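Asks: Plus 332 on top of the position in the sequence shown (first one is 1) and you've got my numbering.
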Amino acid sequence: MNISQEFKKEVRDLKDYIVLVMVSTANYQKANLEILKLLVNEQKTPGVYVTLNKPFDIMQRLLEQNRIDSRFVIFIDGITKVPESERRVKNCLYIGSPEKLSDISMAMDQAVKALPTKEKFIFFDSINTLQLFNKTETVARFVYFLAGKIREWKIKGIIISIKKGTDLTLLNELAQFCDMEIDLGGK
Numbered sequence: 333m334n335i336s337q338e339f340k341k342e343v344r345d346l347k348d349y350i351v352l353v354m355v356s357t358a359n360y361q362k363a364n365l366e367i368l369k370l371l372v373n374e375q376k377t378p379g380v381y382v383t384l385n386k387p388f389d390i391m392q393r394l395l396e397q398n399r400i401d402s403r404f405v406i407f408i409d410g411i412t413k414v415p416e417s418e419r420r421v422k423n424c425l426y427i428g429s430p431e432k433l434s435d436i437s438m439a440m441d442q443a444v445k446a447l448p449t450k451e452k453f454i455f456f457d458s459i460n461t462l463q464l465f466n467k468t469e470t471v472a473r474f475v476y477f478l479a480g481k482i483r484e485w486k487i488k489g490i491i492i493s494i495k496k497g498t499d500l501t502l503l504n505e506l507a508q509f510c511d512m513e514i515d516l517g518g519k
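Structure, rendered in structure tokens:
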């Protein structure tokens, strides 16, 4: 299965979109990197990557190893705890916890506005982690808010969800806010 080709096929006729991408745990990292490679390297689209699973330094290294141009990406690190004075570095805003939804939304707003181009994306990794730290209803409201912001900004939105362990009711609710669901295989 070529994840990037599958993703490209699904979104090719859409200019701005919000896509709920469902992946298996086995395909999770590969799917994230291939979608990023498509957006950044092939389409030359800058964007914001909200990471709630891997710290910024690990994400930076993964991008480097996969030859994805990290100069095109502003990270929002929702897991690494750093002192207040160090929360902003060149291309990363540190939040410190997936529970801080207001801080995450303010950081996304700042990061999206900091990108100088009209074409841009926001990549949200992942709904599952939000669900570990917040109530299901809170996660649904946050994604509804996020979808509204993505439409307001007129950008591409990619929301990642690992199939296994995601509340089915939540997935059905999230699908309503998205333009489409893309299932990239696995269980």
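All residues carry an ideal CB built from backbone N, CA and C; glycine is no exception.
Note that the structure is predicted; figures quoted are calculated from it, not measured.
I need the straight-line Cα distance from Lys386 to Thr449, nearest angstrom please.
Replies: Taking the first residue of the sequence shown as position 1, residue 386 is located at position 54. Taking the first residue of the sequence shown as position 1, residue 449 is located at position 117. When rounded, the distance between both Cα atoms is 27 Å.
Asks: Would you please verify whether the beta carbon of Ile436 is less than 8 Å from any beta carbon of chain D?
Replies: Here there is only one protein chain, and chain D is not present.
Asks: If you follow the beta strand (DSSP E) that Ser437 is part of, which residue opens it and which one closes it?
Replies: As a working mapping, residue 437 is identified with position 105 in the sequence shown. No beta strand (DSSP E) holds Ser437; the alpha helix (DSSP H) holding it covers Leu433 to Ala446.
Asks: Measuring straight from C-alpha to C-alpha, what distance separates Gln442 and Val382?
Replies: Reading the sequence shown from its first residue, position 110 is the one you call residue 442. Reading the sequence shown from its first residue, position 50 is the one you call residue 382. Cα to Cα, Gln442 sits roughly 13 Å from Val382.
Asks: Specify, as a first and last residue, the run of the alpha helix (DSSP H) that Gly480 falls within.
Replies: Numbered from 1 along the sequence shown, position 148 holds the residue referred to as residue 480. Thr468 to Trp485 is the extent of the alpha helix (DSSP H) around Gly480.
Asks: Under 8 Å Cβ to Cβ from Arg483, same chain only, skipping five residues before and after it: list those, please.
Replies: Here residue 483 is taken as the residue at index 151 of the sequence shown, counted from 1. Contacts found: Asp348 and Ile350.
Asks: With a CB to CB cut of under 7 Å and the five nearest residues on each side skipped, what residues in its chain are close to Lys452?
Replies: To locate residue 452, count along the sequence shown from 1; it is residue 120. Cβ neighbours of Lys452 beyond the five flanking positions: Thr377, Pro378, Gly379, Val444 and Ile487.
Asks: My output table needs one value for Thr461: the three-state DSSP class, helix, strand or coil.
Replies: Taking the sequence shown and counting its residues from 1, the one referred to as residue 461 is at position 129. DSSP places Thr461 in helix when its eight states are reduced to three.
Asks: Inspect the CB distances between the stretch 396–411 and the stretch 467–475 and report whether three or more fall short of 8 Å.
Replies: Contact between the stretch 396–411 and the stretch 467–475 is absent, because fewer than three Cβ pairs lie under 8 Å.
Asks: With H, G and I counted as helix, E and B as strand and the rest as coil, what does DSSP make of Ile367?
Replies: In the sequence shown, the residue the question calls residue 367 occupies position 35. Ile367 falls in the helix class under three-state DSSP.
Asks: Leaving aside the five residues before and after Leu462 along the sequence, list all residues of the same chain whose C-beta is less than 6 Å from its C-beta, in chain order.
Replies: Numbered from 1 along the sequence shown, position 130 holds the residue referred to as residue 462. Answer for Leu462: Pro430 and Val471, listed in chain order.
Asks: When the distance is taken between beta carbons, is Lys340 closer than 8 Å to Leu371?
Replies: The count along the sequence shown starts at 1 and reaches residue 371 at position 39. The count along the sequence shown starts at 1 and reaches residue 340 at position 8. Contact: no.
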